[in-house]
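Here's the structure, in structure tokens; my notes come after.
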Amino acid sequence: IWLTENRLYRSPNSMPDGPEKSIWGQEQKAWLKQTLLSSDAPYKLLISPTPLIGPDDLRKTDNHCDVGGFQHERDEFFNWLVEHNFVGNGFAIICGDRHWQYRSIHPLGIEEYSCGALVDANARPPRQPGDPKGTDPDNLIQQPYAQDPPSGGFLMASISTEQRTLTICWHDEHGERLHVYTLPVPSADR
Numbered sequence: 001i002w003l004t005e006n007r008l009y010r011s012p013n014s015m016p017d018g019p020e021k022s023i024w025g026q027e028q029k030a031w032l033k034q035t036l037l038s039s040d041a042p043y044k045l046l047i048s049p050t051p052l053i054g055p056d057d058l059r060k061t062d063n064h065c066d067v068g069g070f071q072h073e074r075d076e077f078f079n080w081l082v083e084h085n086f087v088g089n090g091f092a093i094i095c096g097d098r099h100w101q102y103r104s105i106h107p108l109g110i111e112e113y114s115c116g117a118l119v120d121a122n123a124r125p126p127r128q129p130g131d132p133k134g135t136d137p138d139n140l141i142q143q144p145y146a147q148d149p150p151s152g153g154f155l156m157a158s159i160s161t162e163q164r165t166l167t168i169c170w171h172d173e174h175g176e177r178l179h180v181y182t183l184p185v186p187s188a189d190r
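Per the numbering used here, residue 1 is the first one in the sequence shown, and the count goes up by one each step.
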């Protein structure tokens, strides 16, 4: 797993989005890329405090999926993932800071799994792809799972070494399973 720090190195949210604006900072971004390239782990999970895909509320500008936020850095990183054959080869993102659970797929094929709110009191309905009040008004993001109705809960990831699979399970706050997804076995060339 890779854990990124999103507070220490970030540019101001009010800064215009572009090549100079960063949540990760140059040193952490270089570390992330170098260690992903050198890893021989079949699955590589980037655990981010905030979402990279979403969708999110259009009014926000404080994360990688927000318009006017940090999309330039996200897009550069996603293009790098494609260039280095990570997409569809065991790489995925797990994010926090959403008040609903989801599985979203970026148009480039990169997947993100949101753990959602921990308790019912903090849960809310999801922002759906295609929503004009969201960061994906053109409905480009696929969302095979979005928690409905909203509730608290958690996400659990488990690896089967025998089958070489990674399974993501979303649960409600009482531990009841809501949704399950198993990532395909990565190819040998990543």
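C-beta: ideal position from N, C-alpha, C; glycine also.
Suppose you measure from the CA of residue i to the CA of residue j; what does that come to, to the nearest Å?
i: serine 104; j: tyrosine 181; result: 12 Å
i: histidine 99; j: histidine 171; result: 14 Å
i: aspartate 69; j: glutamine 26; result: It is worth fixing the name first, because residue 69 is glycine in this sequence and not aspartate. Approximately 17 Å between the Cα atoms of the pair.
i: serine 48; j: asparagine 6; result: 8 Å
i: lysine 133; j: proline 126; result: 12 Å
i: leucine 213; j: isoleucine 141; result: An answer regarding residue 213 cannot be provided, because it is not within the stretch 1 to 190 covered by the chain.
i: phenylalanine 154; j: asparagine 79; result: 30 Å
i: methionine 15; j: proline 51; result: 19 Å
i: glutamate 83; j: isoleucine 94; result: 21 Å
i: glycine 54; j: cysteine 65; result: 6 Å
i: glycine 116; j: serine 38; result: 31 Å
i: tryptophan 24; j: proline 12; result: 12 Å
i: lysine 21; j: histidine 174; result: 40 Å
i: serine 114; j: aspartate 138; result: 21 Å
i: asparagine 63; j: glutamate 162; result: 37 Å
i: glutamine 28; j: leucine 8; result: 10 Å
i: glycine 96; j: serine 187; result: 28 Å
i: proline 144; j: glutamine 34; result: 31 Å
i: glutamine 147; j: leucine 46; result: 21 Å
i: asparagine 85; j: alanine 121; result: 40 Å
Smallest Cα separation from residue i: which of the options?
i: valine 185; options: Val119, Gln147, Glu27 and Ala92; result: Ala92
i: isoleucine 159; options: Ile141, Asn79, Lys44 and Ala121; result: Lys44
i: leucine 81; options: Glu111, Gly54 and Cys95; result: Glu111
i: alanine 30; options: Pro149, Ala157, Ser151 and Phe77; result: Phe77
i: aspartate 131; options: Leu58, Ile94 and Ile23; result: Leu58
i: isoleucine 1; options: Glu176, Leu166 and Arg177; result: Leu166
Report yes if the C-beta distance between residue i and residue j is below 8 Å; otherwise report no.
i: threonine 61; j: leucine 32; result: no
i: proline 42; j: glycine 90; result: yes
i: glycine 18; j: histidine 72; result: yes
i: threonine 135; j: valine 87; result: no
i: arginine 177; j: proline 150; result: no
i: leucine 118; j: glycine 152; result: yes
Which stretch, first to last residue, makes up the alpha helix (DSSP H) that contains residue i?
i: aspartate 75; result: 71 to 83
i: threonine 35; result: 26 to 38
For the beta strand (DSSP E) that residue i lies in, which residues bound it at each end?
i: cysteine 65; result: Run containing cysteine 65: none; DSSP gives neither H nor E here.
i: arginine 164; result: Premise fails: arginine 164 is in no beta strand (DSSP E) and is neither H nor E.
i: leucine 178; result: 177 to 183
i: lysine 44; result: 44 to 48
Extract the residue ranges of the beta strand (DSSP E) inside the region 89 to 159, only unbroken runs of 3 or more that lie entirely within it.
91 to 95, 102 to 105, 111 to 114 and 142 to 146
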